[in-house]
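Since the structure comes first, as C-alpha cells, the remarks are kept for the end.
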C-alpha cells in the first residue's frame, strides 16, 4: 500500500512539474442560498394514515475553499477543489393531516415554525469541467460531500442531528467569468441526490444549493 501511495504521489508531482504552465491554483469564497427537498412523509398505523408536509425556505450560508485548475486546451478545463460549506434550510411551517381507511379526515393542523432551521456543515469536493468562451466559462460537474455536523435550531434551542448518511453526492451546473488579472466571479447550482434525513424519520431530504462567489487564480 505504501508503495502504491508513493507511486501515485510521484506521478502527480511529475505531472504538475511537467505541465506547470497548464496548472493554476486558486481560492474562492462566497454566499450559499440553500434549501432541502421537502416531500410529504406518510405513516400508517391501525388503519389511520398521517401525512406531514413541510414548507421549507432558503437559508443563507457561506462557502470558502481552494482548488486547482488544469487546462487540456485553450478552451477546455478541469477543476478539482475542496471547500467548507455551511448549508441547510429554514423551516417555515408543517401541515399534518390524518385520515382513516375510507379517506375521511380525522385530524388536521398547521404549525408555523418561526426561527427554525437545519444547518448542514459540509466539507465538499467539487469537480468541474469547463469550456471557455472569451473569459466566460459554462461548467458542469459532480460534488462529493461529507457532513461534518448537523444542527437543528428551534425556539432558541440547538440540537444535533443524525443523518442516514454523512456522505453526500450531487450534480452541478454553473458558470464563471474570468478577468485578465486573475480575478473571477462564479455562480453554481448543486442538486443533491443523497437522502440526508435523520435515521428515525421517514423523510427524504436532499440538498439544493445556489452558490455565488468570487475568487482568484494564481
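Numbering (my numbering), first residue to last: 829 to 1046.
The beta carbon of each residue, even a glycine, is placed where N, CA and C say it ideally should be.
Computed from a predicted structure; not experimentally measured.
Those residues which DSSP pairs with residue i across a bridge
i	result
residue 1008	Its beta-bridge partners do not exist; DSSP assigns none.
residue 982	985
residue 962	None; residue 962 has no bridge partner.
residue 931	None; residue 931 has no bridge partner.
residue 877	872, 927
residue 968	957, 1001
residue 1015	1003, 1040
residue 940	921
Inter-residue CB distance, residue i and residue j (contact presumed, cutoff 8 Å)
i	j	result
residue 852	residue 893	Not really, about 15 Å apart at Cβ, beyond 8 Å.
residue 885	residue 928	About 32 Å; that fails the 8 Å criterion.
residue 1010	residue 1044	5 Å
residue 1036	residue 863	5 Å
residue 997	residue 854	About 24 Å separates the two Cβ atoms, so there is no contact after all.
residue 880	residue 924	5 Å
residue 955	residue 908	5 Å
residue 953	residue 972	4 Å
residue 922	residue 941	6 Å
residue 1034	residue 870	Not really, about 18 Å apart at Cβ, beyond 8 Å.
is_contact[residue i, chain C] using C-beta, thresh 8 Å
i	result
residue 905	No chain C is part of this structure, which consists of one protein chain only.
Reduced DSSP category for residue i - H, G, I as helix; E, B as strand; rest coil
i	result
residue 948	strand
residue 993	coil
residue 1032	coil
residue 977	strand
residue 1046	coil
residue 1025	coil
residue 837	Reliability of the predicted coordinates at residue 837 is poor, the pLDDT of 49 falling under 50, and the value obtained from them is presented with this limitation in mind. The answer is helix: DSSP assigns residue 837 an H, G or I state.
(message) With three or more beta-carbon pairs closer than 8 Å as the criterion, would you say the region 907–915 touches the region 947–962?
(response) yes
(request) Kindly confirm or deny that the region 925–940 and the region 962–976 touch, where touching means at least three C-beta pairs closer than 8 Å. (result) no
(message) Three Cβ pairs or more, each shorter than 8 Å: is that satisfied between the region 1011–1023 and the region 987–1001?
(response) yes
(request) Would you list, in sequence order, the uninterrupted beta strand (DSSP E) runs of no fewer than 3 residues that lie entirely inside the region 850–922? (result) 851–864, 868–873, 876–885, 887–899
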